[in-house]
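The opening position of the sequence shown corresponds to residue 77 in this note's numbering, with each subsequent residue numbered one higher.
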Amino acid sequence: MASWNEYLTHVLNAIGDWESRFGAFPSHPSLDVAEERWQEALGHYTARLTDNYPFFHPRYAGQMLKPPHPAAVVGYLAAQLINPNNHALDGGPATGQMEKEVVRDLAAMFHLPGDTLGHLTSGGTVANLEALFIAREIHPNKAVAFSKAAHYTHGRMSGVLRMDHAAIPADLNGRMDLGALEKALKTGTIGTVVATAGTTALGVVDPIADVVDLCKGHGVRVHVDAAYGGFFALHAWSEDSVLGDETRRHFRAIAEADSVVIDPHKHGLQPYGCGCVLFRDPSVGRYYRHESPYTYFTSDELHLGEISLECSRAGAAAGALWFTTRLLPLHAKEGLGPILSACLRAARAWHQRLATSDVLMPYRAPELDIVTYHPRFAEPRASAIDGASQRIFDAAMSDRDDPIFVSVLRVESDTLVPSCPDVQVDQPYARILRSVLMKPEHEQYVDHVHNRLEAVTQQQTPTL
Ligand SMILES: Cc1ncc(COP(=O)(O)O)c(C=O)c1O
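Here it is as structure tokens:
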């Protein structure tokens, strides 16, 4: 790979060449900034940015965070220099077409029909808001149901949309309880069910295939929130898949969903500002109908603002995703697929080490690439697990020489029992530890993360 500088210089030259076609003009002096001020502010800015956690490093095994792939940075910068607005083809003809192409590719990844309608959004929250908005338009007097383990956005956005909602209990592994869902469907009050492919806390996949079957029987729509786990669908269709059989079955059923959300700014190697919503029935575009006296004049083709609740949207986000997926295509065996397999292998390898550790123990086995664990006590109490988890989190992160960054998850103490049957449930909730292994480099690094956390745990819980 040539150096970053070469790609960035290529981009600057290419856009500069294009700009020069329009003739030179003097830039306005009001835009000038003195060299010393540039230097001073830049020094200040880059220094302030060091007040960050090292999301790029495999020692950061905390939240759903990592920097974009260099392809996305180069792709984003190139379009950002032009700054197209994908609201309308008037604002971004090239990136508008690229957006249609990447949306088609994402729909194809889920095996959704070729005429699936969709667009990029600023993130998973707005993408889910749009899916719920369509759900409400189709079933104005019915509720939306989602599992208690679904992302909080569903409760919040159904509130914004003034939709009734039903929270369906999750089983002990964090998956939607099908018996409870069936009971709710029998009431006839539910119009749409949200299933999650990769929950935020545990990274588990709701039983989507069974949810789809149940919903079909009741004439209820299915929306799949695959904001986090969606790209694992790449592995759902190959015979020698790295996914478990049940996981594959549920990912394949996304093909039958009415709407799907996926976040390229999570596992799609993109910078923040890139979500996507897909609708199986392109005719739902009618619910977005609005008048815009200012736009939609350059082409009779569909302008994405015509089917989006947001007006201005970064064309650069579409350009970056388009460019990234040319270099790292949406395939199981090349491009994104092997990146995701490495994350899965890292999570499983770490789980094995936790299962045999004397000082830490797993909470749940990872279905995707999120690992959950807590300290192991001879006489475990929820309160001891809770306090020690927070101490380990604080100490591991603040170690000057060899820090490890993880995250904390609050669980109902009862849910500790399946993996830790002797636990005394002496308080309703307990904090445990959680690591999202989103970087393929974790595969080579989890042993170090584990060893360090064992050492920190021993320091923090000497009476273990
Ligand atoms: C399953 C799920 N849905 C929705 C969201 C919200 O997405 P965003 O943060 O892109 O708005 C998240 C974020 O973590 C998520 O994990």
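The beta carbon of each residue, even a glycine, is placed where N, CA and C say it ideally should be.
Source: prediction; values computed, not measured.
Check: Between residue 204 and ligand 1, is the CB less than 7 Å from at least one heavy atom?
Finding: Against the sequence shown, residue 204 aligns to sequence position 128. The answer is yes for residue 204.
Check: Going by beta carbon distance, what residues of the same chain come within less than 6 Å of residue 311, once the five residues before and after it are set aside?
Finding: Mapped onto the sequence shown, residue 311 falls at position 235. Correct list, in chain order: 317, 318, 319 and 408.
Next item on the list: Taking the CB atoms as reference points, tell me whether residue 273 and residue 305 lie closer together than 8 Å.
Entry: Against the sequence shown, residue 273 aligns to sequence position 197. Against the sequence shown, residue 305 aligns to sequence position 229. Taking 8 Å as the Cβ cut-off, residue 273 and residue 305 qualify as a contacting pair.
Next item on the list: Consider the C-beta atom of residue 299 and the heavy atoms of ligand 1; say whether any pair is separated by less than 7 Å.
Entry: In the sequence shown, counting from the first residue as 1, residue 299 sits at position 223. For ligand 1, not one heavy atom lies less than 7 Å from the Cβ of residue 299.
Note to self: Relative to the C-alpha of residue 440, which candidate in 379, 133 and 495 has its C-alpha closest?
What the structure shows: Position 364 of the sequence shown holds residue 440. Selected option, being the one with the closest Cα: 495.
Notebook entry, point to check: Among the residues of its own chain, which have a CB less than 6 Å from the CB of residue 510, if the five just before and after it don't count?
Noted result: For this step, residue 510 is matched to residue 434 along the sequence shown. Answer for residue 510: 448, 483 and 485, listed in chain order.
Note to self: So within the stretch 387-458, which uninterrupted beta strand (DSSP E) runs reach at least 3 residues, ignoring any that extend past its ends?
What the structure shows: 436-440 and 446-451
Next item on the list: Please list the segments of the alpha helix (DSSP H) lying wholly inside the stretch 296-333, counting only runs of 4 or more residues, in order along the chain.
Entry: 321-328
Item checked: Length-filtered (3 minimum) beta strand (DSSP E) runs lying within the stretch 152-205 -> 193-197
Check: Expressed to the nearest angstrom, what Euclidean distance is found between the alpha-carbon atoms of residue 141 and residue 389?
Finding: By 1-based counting over the sequence shown, the position of residue 141 is 65. By 1-based counting over the sequence shown, the position of residue 389 is 313. Their Cα atoms are separated by approximately 22 Å.
Check: In whole angstroms, what separates the C-alpha of residue 459 from that of residue 438?
Finding: Looking up residue 459 in the sequence shown gives position 383. Looking up residue 438 in the sequence shown gives position 362. Rounded to whole angstroms, residue 459 to residue 438 spans 17 Å at the Cα level.
Notebook entry, point to check: For residue 514, is the beta carbon positioned less than 7 Å from some heavy atom of ligand 1?
Noted result: Reading the sequence shown from its first residue, position 438 is the one you call residue 514. Residue 514: no, Cβ never under 7 Å from ligand 1.
Margin query: Give me, in chain order, the residues of the same chain whose beta-carbon lies closer than 7 Å to that of residue 185; leave out the 5 immediate sequence neighbours on both sides.
Written below: As a position in the sequence shown, residue 185 is number 109, starting the count at 1. So the qualifying residues of the chain are 309, 310 and 406.
Check: CA-CA distance, residue 350 and residue 176?
Finding: Taking the first residue of the sequence shown as 1, we reach residue 350 at position 274. Taking the first residue of the sequence shown as 1, we reach residue 176 at position 100. Distance between the alpha carbons of residue 350 and residue 176 is about 14 Å.
Next item on the list: May I ask you to report which of helix, strand or coil DSSP gives residue 503?
Entry: For the purposes of this step, residue 503 is identified with residue 427 of the sequence shown, where counting begins at 1. Reduced to three states, the DSSP call for residue 503 is coil.
Note to self: Let's test the definition: count the other Cβ atoms within 10 Å of the Cβ of residue 370 and tell me whether it reaches 16, buried, or not, exposed.
What the structure shows: Here residue 370 corresponds to residue number 294 of the sequence shown, with the count starting at 1. Per the 10 Å Cβ criterion, exposed.
Notebook entry, point to check: For residue 303, is the beta carbon positioned less than 7 Å from some heavy atom of ligand 1?
Noted result: As a first step, residue 303 must be located in the sequence shown, where it is residue number 227. Yes, the beta carbon of residue 303 sits closer than 7 Å to at least one heavy atom of ligand 1.
Next item on the list: Evaluate contact between the stretch 157-164 and the stretch 386-400, counting only Cβ atoms and requiring at least three cross-stretch pairs below 8 Å.
Entry: yes
Checklist line | Beta-ladder partner(s) of residue 95, from DSSP | finding: Numbered from its first residue, the sequence shown carries residue 95 at position 19. Answer by DSSP bridge pairing: none, since residue 95 is not bridged.
Check: If we count the other Cβ atoms within 10 Å of its Cβ and call it buried at 16 or more, is residue 121 buried or exposed?
Finding: Taking the sequence shown and counting its residues from 1, one reaches residue 121 at position 45. With fewer than 16 Cβ atoms within 10 Å of its Cβ, residue 121 is classed as exposed.
Item checked: Contact set for residue 262: own chain, Cβ-Cβ below 8 Å, skip 5 residues either direction -> What you label residue 262 is simply residue 186 of the sequence shown in a count that begins at 1. Correct list, in chain order: 294.
Notebook entry, point to check: What residues match up with residue 354 in a beta bridge as DSSP calls it?
Noted result: Counting from 1 along the sequence shown, the entry for residue 354 is found at position 278. Its beta-bridge partners are 194 and 336.
Next item on the list: Tell me whether the beta-carbon of residue 379 lies closer than 8 Å to the beta-carbon of residue 334.
Entry: Position 303 of the sequence shown, counted from the first residue, corresponds to residue 379. Position 258 of the sequence shown, counted from the first residue, corresponds to residue 334. No, the Cβ-Cβ distance between residue 379 and residue 334 is not below 8 Å.
Check: Do residue 525 and residue 238 have their C-beta atoms closer together than 8 Å?
Finding: What you label residue 525 is simply residue 449 of the sequence shown in a count that begins at 1. What you label residue 238 is simply residue 162 of the sequence shown in a count that begins at 1. The answer is no: Cβ separation not under 8 Å.
Margin query: Rounded to the nearest angstrom, what separates residue 62 and residue 340 at their Cα positions?
Written below: Past the boundaries of the shown model lies residue 62; the chain is included only from 77 to 540, so the question cannot be answered.
Next item on the list: Go to residue 491, then tell me how far its alpha helix (DSSP H) extends in each direction, as first and last residue.
Entry: The residue given as residue 491 occupies position 415 in the sequence shown. Taken as a continuous stretch (DSSP letters only), residue 491 belongs to no alpha helix (DSSP H), as it is neither H nor E.
Check: Does the pairing of the stretch 104-114 with the stretch 499-506 give three or more beta-carbon distances under 8 Å?
Finding: no
Next item on the list: Could you name the residues of the same chain whose beta carbon sits closer than 6 Å to that of residue 241, not counting the 5 residues immediately before and after it, in chain order?
Entry: If you number the sequence shown from 1, residue 241 lands on position 165. Around residue 241: 219, 220 and 234.
Next item on the list: Taking only runs that begin and end inside the stretch 259-297, name each unbroken beta strand (DSSP E) of 3 or more residues, in chain order.
Entry: 266-272
Item checked: Alpha carbon of residue 78 to alpha carbon of residue 346, nearest angstrom -> Here residue 78 corresponds to residue number 2 of the sequence shown, with the count starting at 1. Here residue 346 corresponds to residue number 270 of the sequence shown, with the count starting at 1. About 21 Å.
Checklist line | At least 3 beta-carbon pairs within less than 8 Å: the stretch 451-465 vs the stretch 416-435 | finding: yes
Next item on the list: May I ask you to check if the CB of residue 268 is nearer than 7 Å to at least one heavy atom of ligand 1?
Entry: The count along the sequence shown starts at 1 and reaches residue 268 at position 192. Flag unset: Cβ of residue 268 not near ligand 1.
Check: Comparing the CB of residue 229 with every heavy atom of ligand 2, is any distance shorter than 7 Å?
Finding: Of the ligands this structure carries, namely ligand 1, none is ligand 2.
Checklist line | Bridge partners - residue 107, DSSP secondary structure assignment | finding: For this step, residue 107 is matched to residue 31 along the sequence shown. In the DSSP output, where bridge partners are listed per residue, residue 107 has none listed.
Next item on the list: Work out the CA separation of residue 84 and residue 288 for me, nearest whole Å.
Entry: Counting from 1 along the sequence shown, the entry for residue 288 is found at position 212. Counting from 1 along the sequence shown, the entry for residue 84 is found at position 8. Computed Cα separation, rounded: 46 Å.
Notebook entry, point to check: Taking DSSP as the reference, what is the three-state secondary structure of residue 121?
Noted result: Residue mapping note: residue 121 aligns to position 45 of the sequence shown, counting from 1. Helix at residue 121.
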